[in-house]
Amino acid sequence: MAAIESAGARRRGVEFAPAMSLDPTDVSPILAPLNDAQRAAVTAPLGATLVLAGAGSGKTRVLIHRIAWLIQAEGATPHGILAVTFTNKAAAEMRGRVEALLGSSGGALWLGTFHGLAHRLLRLHWREAGLPQSFQILDSEDQLRLVRKTIRALEFDEARFVPREVQYFINQHKDEGRRPQHLQAGGDPTERSLIRLYTEYEQLCARSGAVDFAELLLRAFELWRDNASLLQHYRNRFRHVLVDEFQDTNAIQYAWVRLLVGATGCPFVVGDDDQSIYRWRGARVENLQKFRSDFPQAQLYKLEQNYRSSAAILAAANALIANNSARLGKKLWTSGALGTPVQLYCAYNERDEADFVIGRIQQWLGEGGRRSECAILYRSNAQSRVFEEALIQARLPYRVYGGLRFFERSEIKDALAYLRLIANHDDDASFDRIVNLPVRGIGARTLEALRETARAQGQSLWHAAGAVQAEPSNARGSAALHQFLALIERLGGEIGGLPLHEQVDHVISQSGLIEHHRKNKAVRGEARVENLEELVSAARGYEPESSELPPLQSFLAHAVLESGETQGSEWEDCVQMMTLHSAKGLEFPVVFLAGMEDGLFPHQRSSNELASLEEERRLCYVGITRAMRQLYLSYAEQRRLHGVDSYNTASRFIQEIPPALLEELRPRIQLARPAATEGTMHHGPRHGRIAETDSGAGGVRLGTRVRHGKFGEGIVLNVEGQGPHARVHVNFEQLGAKWLMLSLARLELM
DNA sequence: CGTGGGCGGATTTTT
DNA sequence: TCCGCCCACG
């Protein structure tokens, strides 16, 4: 305690550069920037520690400062610390901040994602783990292909055994630590077939030296479980194990951590049960509870002071999440001002919603704000399009997060497949991918025969192809196949001593890939060639983390594990758009939660079961707590999704926010109000909105009441086109919505 | 063997 | 509406 007090007294110490302090016993840079609760957690006595950290309460900071504290005050060395996160981005950020705090390189520190660390272990101990030295990692797409192949190999019906579902089945069991032999079918024939598929899939993986994401974790777990001396070695080394986002751990990740910690290690885990949003992909919030029962002596710390959001936003978040059951209990508070109430906007349709959002963004910009301070968050990716169109129209630069990342692009994966096949001839997935790309006359016939042979011999495709004799029946195919093998061999020989980027360059040009795309003008061939060239640059700039592997092998693993999060240098000031899921961990001054409609959010498929509904609520909580100063909720009464119109009611989550915290920008009653009241009693925002959504089409504006000679009265939902082609979408009271030609309809404005 | 048109399905996503 | 996949045709 004395150290803490004196640290507080020496608060001025922070003002010096955070580099290595002159006096190594001076811990003020570590402790001074913390509040009491944070400091208590950072300086917790060695032993099991659980930190429940609310949104915006400085969770990452605590983790980083804890690492620094262990090193500076507890005599730990970076060598003895293992810290795990879920994303590469989080890992990179954490490493950078730890190094800045300590003023030294944390090279010896094992800090990375679960998958990254598991990979590292398996590379170091491939023999003990029962893997070939040149094992390759499958990403989800590769895995899906292999699953599909497995289904075909067993001649199962793909309609009955949907590849995606089989993939899910396999991953689910791996995530829970179950191998096929642990599974009992009971009397269920479908179950039995699935287990059979799982078994066959594993054999295919083994034959081609392939390891999928779940397998990385499971293997790493089994490696320690089955090698007492190895486990002991790592237990001795990593006395300190830190886990970020603990609520997102799945069963095998938890088991892995537990195994490492044993009875003597000091696990320090940080999480927030209210931000658990990945149950659907195996995350187990219960691990927080489990941690407490597995380590009954664990110290519990709660971080409840929020530094991010205004009091109004925080109160809304608290009120919402209070509707969930079985929470660990935590209430965020702030010493900050109430701020602007949460603004609620009821739009006519999704276009109106987008117009509204853009109007508010422009307002923010007009007040001197930046575009990058605004984030549009939505439940599903399909919602982004309307916003993109509106942003383009308004000439506002934007950036959509998510979507295909660099190393996931098909042309990049093709190029990598060449490199992988060169590195490991038995890599069937890669063989399959490129054997006829670019086209070299190896068709389905030839390949079917080849697969059959490989299956019969229990050998890889490469092996089987080498044994194929030139038969008169299929002379062309077998000749082409031998040429392909020769090409791969030749390339392998030629790139032998070259630097990494020249290896990549040589392969993409000599394989004919570049030429293939250059010819293909129709399917964005130009962009693909550029991407391939970018791959060469990526290889040039790549620095292997360690010398455990040859550079090429290391680069290939890197490409799969880190599929290219950093999308180039997109530093332009852009409006940010992303799903609620990908917004976790981020913060923005202005946040729009769009599509707050029952059926969309909470999503239809998550509304029936209580557990999934509560996860949706947590997702909403995550969304709300991203906002620092202004939060807008919006929903559309009518929404066109997948080409069909649906009429929705406001999300139930809106009702869970106390009305006192909400400001409705257009009361819903408006719709039913007689036209006479228009403009007389509703002030401010309503008028602002009308002005913003002015379509300029002959004075007809969204939301305007109109009368039609035959159809009666209605409200304008949408306006499209210009001049004589202008069309209006009117929701008539009697007849419902109709599209009319504006020039012919003779609408009377009311 | 390569391509285009028809069909069905369409949360959320990191590794 | 839009995308990806399968099959039928050239």
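Following our numbering, the numbering of the first sequence begins with 252 at its first residue and continues without gaps.
Just so you know, even glycine gets a beta-carbon here, dropped at the ideal spot from N, CA and C.
Computed from a predicted model, the values in this text were never measured in an experiment.
What does a CB cutoff of less than 7 Å around residue i pick up in its chain, not counting 5 residues either side in sequence?
| i | result |
| --- | --- |
| His934 | Confidence in His934 is poor, its pLDDT being 33 and thus under 50, which makes the residue's placement unreliable; the coordinate value appears in the next sentence. Here the set comprises nothing. |
| His854 | Arg630 and Glu867 |
| Ala605 | Val637, Phe638 and Ala641 |
| Ser272 | Low per-residue confidence applies at Ser272: pLDDT is 44, beneath 50, and the placement is therefore not dependable, though the value from the model is reported in the following sentence. Cβ within range, chain order: Pro280. |
| Glu476 | According to the sequence shown, residue 476 is Arg rather than Glu. Counting only Cβ-Cβ distances below 7 Å, and skipping sequence neighbours, we find Leu510. |
| Ala502 | Asp426, Glu427, Gly428 and Arg535 |
| Ala319 | Ile281, Val349, Leu352 and Leu353 |
| Leu405 | Arg447, Leu448 and Glu451 |
Could you spell out the range, first to last residue, of the beta strand (DSSP E) harbouring residue i?
| i | result |
| --- | --- |
| Arg880 | Ala878 to Leu892 |
| Ser897 | Val895 to Tyr898 |
| Asp463 | Ala461 to Asp463 |
| Pro1081 | An answer regarding residue 1081 cannot be provided, because it is not within the stretch 252 to 1001 covered by the chain. |
| Glu496 | Unbroken run through Glu496: none, as it is neither H nor E. |
| Glu915 | Leu913 to Glu915 |
| Arg741 | Run containing Arg741: none in the beta strand (DSSP E); it sits in the alpha helix (DSSP H), Ala726 to Glu745. |
| Arg903 | From DSSP, Arg903 is part of no beta strand (DSSP E) but of the alpha helix (DSSP H) over Arg903 to Gln906. |
| Ala436 | No beta strand (DSSP E) holds Ala436; DSSP gives it neither H nor E. |
| Leu301 | Thr300 to Ala304 |
| Gln550 | Gln550 to Leu554 |
| Thr704 | Note, Thr704: premise wrong, no beta strand (DSSP E); alpha helix (DSSP H) at Ala695 to Gln708. |
| His854 | Counting along the chain, His854 falls outside any beta strand (DSSP E), and DSSP gives it neither H nor E. |
| Arg650 | Tyr649 to Val651 |
Write down the C-beta distance between residue i and residue j rounded to the nearest angstrom, noting that I regard them as a contact closer than 8 Å.
| i | j | result |
| --- | --- | --- |
| Glu866 | Ser857 | 7 Å |
| Ser814 | Phe658 | 4 Å |
| Gly522 | Val492 | Not really, about 14 Å apart at Cβ, beyond 8 Å. |
| Arg791 | His752 | 4 Å |
| Ala417 | Leu448 | For clarity, residue 417 is Val in the given sequence; the question names Ala instead. Right, the Cβ-Cβ distance comes to about 5 Å (below 8 Å), so this counts as a contact. |
| Tyr883 | Tyr596 | 6 Å |
| Glu984 | Gly963 | 6 Å |
| Val520 | Val494 | 4 Å |
| Asp207 | Ala810 | There is no way to answer for residue 207, as the model of the chain reaches only from 252 to 1001. |
| Ala299 | Phe546 | 4 Å |
| Pro592 | Leu912 | 6 Å |
| Ala380 | Gly363 | Not really, about 18 Å apart at Cβ, beyond 8 Å. |
Can you list, in chain order, the residues of its chain whose CB lies under 6 Å from that of residue i, leaving out five sequence neighbours each side?
| i | result |
| --- | --- |
| Ala292 | Val302, Val313 and Tyr552 |
| Glu766 | none |
| Ala324 | Val278 |
| Asp756 | Val787 |
| Ala731 | Arg691, Gly692 and Ile693 |
Can you name the start and end residues of the alpha helix (DSSP H) that residue i belongs to?
| i | result |
| --- | --- |
| Lys400 | Ser391 to Ala404 |
| Lys310 | Lys310 to Ala324 |
| Ile875 | Leu861 to Ile875 |
| Ala626 | No alpha helix (DSSP H) holds Ala626; the beta strand (DSSP E) holding it covers Cys625 to Tyr629. |
| Ala479 | Ala479 to Arg488 |
| Leu333 | Counting along the chain, Leu333 falls outside any alpha helix (DSSP H), though it belongs to the beta strand (DSSP E) covering Ile332 to Thr336. |
| His959 | Not the alpha helix (DSSP H): His959 falls in the beta strand (DSSP E), residues Arg956 to His959. |
Can you list, in chain order, the residues of its chain with a C-beta nearer than 8 Å to that of residue i? Leave out the 5 residues immediately preceding and following it.
| i | result |
| --- | --- |
| Ile966 | Tyr599, Leu922, Gly954, Thr955, Arg956, Val957, Val981 and Asn982 |
| Ile446 | Pro431, Leu434 and Ala436 |
| Asn782 | Phe657, Arg660, Glu662 and Ile663 |
| Leu375 | Glu799 |
| Ile685 | Asp665, Ala668, Tyr669, Leu672 and Ser762 |
| Gly543 | Note that residue 543 is Arg in the sequence shown here, rather than Gly. Once the five neighbours on either side are set aside, the close Cβ partners of Arg543 are Leu301, Ala549 and Leu551. |
| Gln423 | Gly533 |
>> Runs of 4 residues minimum, wholly inside the stretch 763-843: which ones carry the alpha helix (DSSP H) assignment?
In response: 764-770, 776-791, 802-812 and 831-834
> When the Cβ atoms of the stretch 389-400 are set against those of the stretch 358-373, are three or more pairs found closer than 8 Å?
Replying inline: no
> Three or more beta-carbon pairs under 8 Å between the stretch 479-498 and the stretch 691-702, yes or no?
Replying inline: no
>> Quick test of the definition: if touching needs 3 or more C-beta pairs under 8 Å, does the stretch 323-332 touch the stretch 887-906?
In response: no
> With contact counted as at least three CB pairs below 8 Å, one residue from each stretch, are the stretch 558-565 and the stretch 871-878 in contact?
Replying inline: yes
>> For the stretch 824-841 against the stretch 628-637, do three or more pairs of beta-carbon atoms, one drawn from each stretch, fall closer than 8 Å, so that the two count as touching?
In response: yes
>> Is it the case that the stretch 489-504 contacts the stretch 839-848, given that we only count it when at least three CB pairs across the two stretches are under 8 Å?
In response: no
> If we count Cβ pairs, one from each stretch, closer than 8 Å, do we get three or more for the stretch 669-681 versus the stretch 459-475?
Replying inline: yes
> Using 8 Å as the Cβ pair cut-off and three pairs as the minimum, do the stretch 640-650 and the stretch 612-624 touch?
Replying inline: yes
>> Three Cβ pairs or more, each shorter than 8 Å: is that satisfied between the stretch 577-588 and the stretch 601-618?
In response: no
>> Suppose only complete runs of 4+ residues qualify. What are the alpha helix (DSSP H) ranges in the stretch 357-390, listed by chain order?
In response: 365-375
>> I want to know whether the stretch 570-579 touches the stretch 522-532 - three or more CB-CB distances under 8 Å.
In response: yes
>> To test your reading of the DSSP string, which unbroken alpha helix (DSSP H) runs of 4 or more residues are found completely within the stretch 556-595?
In response: 562-572
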